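Heads up, my numbering is the position in the sequence shown plus 5, with the first residue counted as 1.
Down below is the structure, laid out as structure tokens.
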Amino acid sequence: MTDPESEILKEEENPFENYAAVVESDDRTIYLYLLPTQNENLPAHAVWLRNLIEAPDEPDQKSIQEGRPPLMHVQGCNHPEGAIRYESEDLDFVWFPEGNGVSLYHRGELEAILPTWSGREHVSGYSREALGYQSNTLPLPKKDSAIYQRLQDNLEFWDRRTKADDWESFRNGLLQHYESILGPHRQYYALTDVKFPVLGIVEFSLPEGILYATLGMSRQPMPGIELIKQEPEHFVRREIFLFSPKIDATGVSDDYASLGGALDELRSKYPGLLGRLARYPWIVSAALDHGHLFESGMEANYCDFIFSESPLPTRLPEEIMSGLMQHYSVEGFSLSPLFALPATQEDLLVARQKGADFWLEKRMRN
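Following this line, the structure appears as structure tokens:
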């Protein structure tokens, strides 16, 4: 996208405001780009759509050297003589719910896919005009491919999200589930500094301490989970729980107990920190998972976090632990709790040197 003669035919930012889809022509060739809009560290992706001029006999190394989008060579395109240019009004995008993938439709027909796994195994995406596997581009999958069900799911997902009462229905259902286990909530914090995903933090007062829970993360799949899990369907809908025990609770470390009167001040930071954690996957377009570390940047102890899929390191009572792990369905997917364990800089150092599981196991033993 360096040619000053290029023309943007279609552009749209995803609902998370972290990626934009762009169809761009330079009068030689047309590409679909997926470009980060806020975080320059996010990867950009591109897939070839069509040539507008005659295809070269060999891969177009000259254009690459000149910093221009390469033409697809003869062996890779259905119309080696060149295809017609798109009209902007004939193009439409449909985003993957994770926000880091998009499909392009031309006059209502699927034209290309830049999937959430673009860039893996030397595949950029799929294009109707592609012929075989050339230049990291594949032809559109065969009609019996499972990806077409996923594309249909994408359409249905956004149809649900645009209904007027969708958020209220989701929020009320999940809050009712929380309260069936934890009792009435003490405080609800709405996160208003982000348009999508809509998020809240719920605070519960328990005899053993204070439990904070995100509400809204599981309303959409967590980006990147399919890249790190063998069975991602069990983990795509997640909410985060953060437990702060009473100082006199059994098993609380001496360091934590030494906070004394500063514990209330520390707890006042937790809703905001949990809000940052809730937004994080859609800022960096990557999943939070078991064993991951989160460094808040605050100097106070216990403002950093180590994540666990098991509630055991939290020292929550057994009946609460089993209740949080019981089946709750979100649009056909099981809710998958993730527990953020408050940690010090020393804890993070141990977890980095010996592994998060070593730190988690040690915490359960103490």
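In this text, a Cβ means the ideal position worked out from N, Cα and C, and glycines have one as well.
Since the structure is predicted, the reported quantities are computational estimates derived from the model, not experimental observations.
- Residue nearest to Glu314 within the set Arg242, Arg284 and Pro276 is Arg242 (criterion: CA-CA distance).
- CA-CA distance, Asn44 to Val289, rounds to 7 Å.
- Closest in alpha carbon position to Leu156, among Thr121, Gly188, Leu37 and Thr167, is Thr121.
- At a Cβ-Cβ threshold of 9 Å, Pro20 and Trp100 count as neighbours.
- In this structure, DSSP gives Gln66 a helical state, which the three-state scheme calls helix.
- Excluding residues up to 5 positions away in sequence, Ala25, Ala26 and Phe98 lie with their Cβ nearer than 7 Å to the Cβ of Glu17 in the same chain.
- Going by DSSP, Pro276 is part of the alpha helix (DSSP H) stretching over Leu268 to Val289.
- Around Leu216, the same chain offers Phe209 and Phe248 as residues with beta carbons nearer than 6 Å, after the five sequence neighbours per side are excluded.
- Per the Cβ contact rule, the segment 306-323 is not in contact with the segment 123-142 (fewer than 3 Cβ pairs under 8 Å).
- Taking 8 Å as the upper bound for CB-CB distance, Ile245 and Asp294 are not in contact here, some 11 Å apart.
- Excluding sequence positions up to five before and after His50, its CB lies within less than 8 Å of the CB of Tyr38, Leu39, Leu119, Ser123, Gly124, Ser129 and Gly130, all in the same chain and listed in chain order.
- Remark: three or more beta-carbon pairs, one from each stretch, lie closer than 8 Å, so the segment 273-283 and the segment 296-303 are flagged as touching.
- With a beta-carbon spacing of about 7 Å, Tyr333 and Ser339 fall inside the 8 Å limit used to define contacts.
- Of the residues assessed, Asp65 falls on the buried side of the cut-off, its CB having 16 or more other CB atoms within 10 angstroms.
- The Cβ neighbour count for Asn177, taken over all protein chains shown within 10 Å, is under 16; the residue is labelled exposed.
- The C-alpha of Gln80 lies about 56 Å from the C-alpha of Leu180.
- Around the C-beta of Ile69, fewer than 16 other C-beta atoms lie within 10 Å, and the residue is accordingly described as exposed.
- The alpha helix (DSSP H) runs lying completely inside the segment 317-362 and spanning 4 residues or more are 323-330 and 350-359, given in chain order.
- At the C-beta level, Gln358 and Asp309 stay beyond 9 Å of one another.
- Under the 10 Å beta carbon count, Leu354 is surrounded by fewer than 16 other beta carbons and is classified as exposed.
- Scanning its chain for C-beta atoms nearer than 6 Å, with the 5 sequence neighbours on each side dropped, one finds around Ile152 the residues Pro146, in chain order.
- Short of 7 Å from the beta carbon of Gly214, and not among the five residues preceding or following it, lie these beta carbons of its own chain, in chain order: Phe248, Ser249, Pro250, Lys251 and Ala254.
- Counting only residues of its own chain and dropping the five nearest sequence neighbours on each side, Arg55 has a CB closer than 6 Å to the CB of Ile35, Ala88 and Glu134.
- Scanning the segment 177-209 for uninterrupted beta strand (DSSP E) segments of 3 residues or longer gives 192-196, listed from N- to C-terminal end.
- Counted as a single uninterrupted DSSP element, the alpha helix (DSSP H) harbouring Asn159 occupies residues Ile152 to Arg166.
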